[in-house]
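Chains as they are written, first to last, in this note's numbering: chain C, 3 to 122; chain B, 326 to 435; chain V, 99 to 197. To start, the structure itself, in structure tokens.
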């Protein structure tokens, strides 16, 4: 079941500007796939992935900031379309925001799952 | 006729009532969440048009106002972040004080 | 005693406030298409962004600062949770002996 959920999340992220969906929704759907693995297989399998995911969050934020500053330098406003093709900046922002929201929700759920299993 | 605006307002005030009349820290956070749900329903209902379609160019018919949807998408994410940080803090406080009651925590602290 | 008076006054104020909100809620009802000027501006200029999905166009293009601030809020919350997680796990081993 998990591959289908991940596939649907990636679809929502990639086709955000032309169909219902977007970065936030895609990220949360992706995270729900990981939460399914977390609930069914225990947290030891997901624990390896978590350390990388925390860095995804930082990378996503700095990428968005970098993109915004590039837009100011080149185009004059904060989020400007850099390339002449249509929708490239929107798709890029969608993917970055989706990865960032995915990382955030995964870190959050792993934290609460860990704290809930063995109360001190 | 009862529409979404009234239901949103009622839900908002249920949340505010819970926020004033509870002492349990987790119940306070849940009341905040309920109030936020009411606000979301209120704003989406303000932008609704009877018989409107989704705000995507190309669909037939009059479309719904897309501006409140955008604001509420922002609001949902802020609500998620606030709730998660609040629950983590409540967990920390519970380990520290062995109670969830806000006033007992305050008395223990003094 | 003092607390009781405060509660009554607060309840009365709350009831008045609820009635006012309901009266405004009646006027906000949707008989017509809502013609806010901001929406009109977005409907006229959506072609600049190249997106068909209007919510996406507003969220990521016209209101980029909003979205960026929202992501910063999410990032700070996640950072706080990670710090709290490390903080909670650490005193769990030593806190049993110390206090």
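C-beta: ideal position from N, C-alpha, C; glycine also.
Asked	Found
Compile a chain-ordered list of the residues in the region 347-376 of chain B whose CB is closer than 7 Å to at least one CB of chain C.	none
Rounded to the nearest angstrom, what separates residue 392/B and residue 164/V at their Cα positions?	13 Å
Taking the Cβ atom as the reference point for each residue, do residue 10/C and residue 31/C lie within a distance shorter than 8 Å?	yes
If I follow the unbroken alpha helix (DSSP H) through residue 370/B, where does it start and stop?	350-371
Going by C-alpha distance, which of 110/C, 96/C and 18/C is nearest residue 409/B?	110/C
Is there a C-beta anywhere in chain C that falls below 8 Å from the one on residue 169/V?	yes
Check each residue of the region 383-405 of chain B: if its Cβ is closer than 7 Å to any Cβ of chain C, include it; give the result in chain order.	398 and 402
What span of residues does the alpha helix (DSSP H) with residue 407/B cover, start to end?	392-422
Compare the C-beta of residue 338/B with all C-beta atoms of chain V and state if any pair is closer than 8 Å.	yes
State the DSSP-derived secondary structure class of residue 116/C, mapped to helix, strand or coil.	helix
With residue 422/B and residue 397/B assumed to form a contact (beta carbons below 8 Å), what rounded beta-carbon distance in angstroms separates them?	Rounded, the Cβ-Cβ distance is 36 Å, inconsistent with contact.
Using Cβ-Cβ distances below 8 Å, what residues of the region 149-169 of chain V are close to chain C?	149, 150, 151, 153, 154, 155, 157, 158, 159, 162, 163, 165, 166 and 169
Please classify residue 3/C: is it buried, with 16 or more other beta-carbons within 10 angstroms of its beta-carbon, or exposed?	exposed
Is residue 356/B near residue 337/B, with beta carbons less than 8 Å apart?	no
Where does residue 150/V sit, in a helix, a strand or coil, going by DSSP?	coil
Within 10 angstroms of the Cβ of residue 433/B, are there 16 or more other Cβ atoms? Answer buried if so, exposed if not.	exposed
Round the Cβ separation of residue 151/V and residue 22/C to the nearest angstrom and send it over; I've been treating them as touching at under 8 Å.	7 Å
If you follow the alpha helix (DSSP H) that residue 9/C is part of, which residue opens it and which one closes it?	4-16
Quick one, which of 401/B, 394/B and 334/B has its alpha-carbon nearest residue 116/V's?	334/B
The region 133-145 of chain V: which residues have C-beta closer than 8 Å to a C-beta of chain E, in chain order?	Checking the listed chains, one finds no chain E in this structure; the protein chains it contains are C, B and V.
Using three-state DSSP, classify residue 381/B as helix, strand or coil.	strand
On the DSSP bridge assignment, give the partners of residue 96/C in chain order.	Residue 96/C pairs with nothing; no bridge assigned.
Taking the alpha helix (DSSP H) that residue 430/B belongs to, which residues open and close that run?	427-434
Using C-beta distances below 7 Å, list every residue in its chain close to residue 156/V, excluding the 5 sequence neighbours before and after it, in chain order.	140
Three or more C-beta pairs under 8 Å: does that hold for the region 55-66 of chain C against the region 95-107 of chain C?	yes
Please report whether the beta-carbon of residue 121/V lies at a distance below 8 Å from any beta-carbon of chain C.	no
What first and last residue would you give for the alpha helix (DSSP H) that runs through residue 26/C?	25-43
Compare the Cα-Cα distances from residue 26/C to each of 47/C, 58/C, 108/C and 97/C and report the closest residue.	97/C
Which whole-angstrom value is the C-beta distance of residue 404/B and residue 361/B, which I expect to be below 8 Å?	5 Å
Beta carbon of residue 392/B: closer than 7 Å to some heavy atom of the ligand NAD?	Absence of the ligand NAD from the depicted structure is noted, as is the absence of any ligand whatsoever, leaving it without description.
Distance, Cα to Cα, residue 76/C vs residue 161/V?	18 Å
Exposed or buried, what is residue 44/C when buried is set at 16 or more other beta-carbons lying within 10 Å of its beta-carbon?	exposed
Within its chain, find whatever has a CB closer than 7 Å to the CB of residue 428/B; leave out the 5 residues flanking it on each side and keep chain order.	348
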